[in-house]
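FYI, our numbering numbers position 190 of the sequence shown as 520, with every residue one higher than the one before it.
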Amino acid sequence: MTHIGIIIGSTRPGRNGEQVAKWVAGHAEQRTDATFELVDLKDFPLPHLDEPMPPAMGQYQHDHTKAWAAKIAEFDGFVMVTPEYNHSTSGVLKNAIDYLFAEWNNKAVGFVSYGGVGGARAVEHLRLVAGELKMADVRTSVSLSMFTEFKNFSEFQPSDFQVSTLSTMFDELVAWSSALAPLRDRQLAAQQA
Ligand SMILES: Cc1cc2nc3c(=O)[nH]c(=O)nc-3n(C[C@H](O)[C@H](O)[C@H](O)COP(=O)(O)O)c2cc1C
């Protein structure tokens, strides 16, 4: 069964990201075409990137990197739940992404973002990053405005129409995650040869 990780891209005390990610996970649970799991960056405390070798070399030295790599390797695709910080994604999510390489390759990714303009600028930056990591970023993304989808900028109250956008994103994500399975198998075989 295709296995999708839902990554919470904020570790800030009082973060809105947790409410959003739990909403994503709640709808994901109702699907039968994939299994889903929340991945909280708080559970994987990574310092500023401290691996001596570039991640593409796959020579991880630190236990925190190995633990993070093992978790990400479990998945066939991802939903990145990202805030918008200074017209981009959060530093903590970018740092966590930068730690790894092969574990992201040939997997699909969909985005759920939030911010003043729905976090759209964060998602556009993440799409550039996804390309370098050989990830297939699906077209549909969920953009949640802080002005309309959050009461007092802190209580998540999504509009009904967001659910159908989320569902379309899931459809695209599960389809591409499974379609890329042969490439991942080939990659694994090459690594083991
Ligand atoms: C450091 C920082 C920078 C921010 N920059 C932007 C921004 O450029 N555009 C925007 O729409 N919102 C911006 N915001 C507002 C966040 O999108 C909003 O606070 C959101 O709830 C942050 O996600 P979090 O609560 O999960 O950490 C910023 C917030 C922080 C903390």
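Backbone N, C-alpha and C fix where the C-beta goes; we use that ideal spot for every residue, glycine too.
All values derive from a computational prediction rather than experimental measurement.
> Do the stretch 451–467 and the stretch 353–368 touch if we need at least three Cβ pairs shorter than 8 Å?
Replying inline: At 8 Å Cβ cutoff, the stretches do not touch.
> Given His333, which residues of its chain have a CB within under 6 Å of its CB, disregarding the five upstream and five downstream residues?
Replying inline: If you number the sequence shown from 1, residue 333 lands on position 3. Around His333: Thr365, Phe405 and Asp406.
> How many Å lie between Leu419 and Ile337 at the Cα?
Replying inline: By one-based count along the sequence shown, residue 419 stands at place 89. By one-based count along the sequence shown, residue 337 stands at place 7. According to the sequence as given, residue 419 is Thr; it is not Leu. Cα to Cα, Thr419 sits roughly 13 Å from Ile337.
> What residues in its chain sit with their C-beta under 7 Å from that of Ala399, if we drop five residues either side in the sequence?
Replying inline: Locating residue 399 in the sequence shown gives position 69, where the first residue counts as 1. Closer than 7 Å at Cβ, skipping near neighbours: Tyr390, Leu430 and Glu433.
>> Can you tell me whether Ser340 sits near ligand 1, meaning its C-beta is under 6 Å from at least one heavy atom of the ligand?
In response: As a working note, residue 340 is residue 10 in the sequence shown. Answer for Ser340: yes, Cβ within range of ligand 1.
> Does the beta-carbon of Val504 have 16 or more other beta-carbons within 10 angstroms, so that it is buried, or is it exposed?
Replying inline: Here the question's residue 504 lines up with position 174 in the sequence shown. When all chains shown are included, Val504 counts as buried.
> Expressed to the nearest angstrom, what Euclidean distance is found between the alpha-carbon atoms of Ala355 and Pro413?
Replying inline: For the purposes of this step, residue 355 is taken as residue 25 along the sequence shown, with counting starting at 1. For the purposes of this step, residue 413 is taken as residue 83 along the sequence shown, with counting starting at 1. Each residue's alpha carbon lies about 17 Å from the other.
>> Please report the straight-line C-alpha distance between Gly445 and Ala511, rounded to a whole angstrom.
In response: Residue 445 sits at position 115 when you count from the first residue of the sequence shown. Residue 511 sits at position 181 when you count from the first residue of the sequence shown. When rounded, the distance between both Cα atoms is 33 Å.
> Pick from Phe374, Phe408 and Lys401: whose alpha carbon is nearest that of Ala351?
Replying inline: Against the sequence shown, residue 351 aligns to sequence position 21. Check the Cα spacing between Ala351 and each of Phe374, Phe408 and Lys401: the tightest is with Phe408.
> CA-CA distance, Leu284 and Val439?
Replying inline: Nothing can be reported for residue 284: it is not among the residues displayed for the chain, which extend from 331 to 523.
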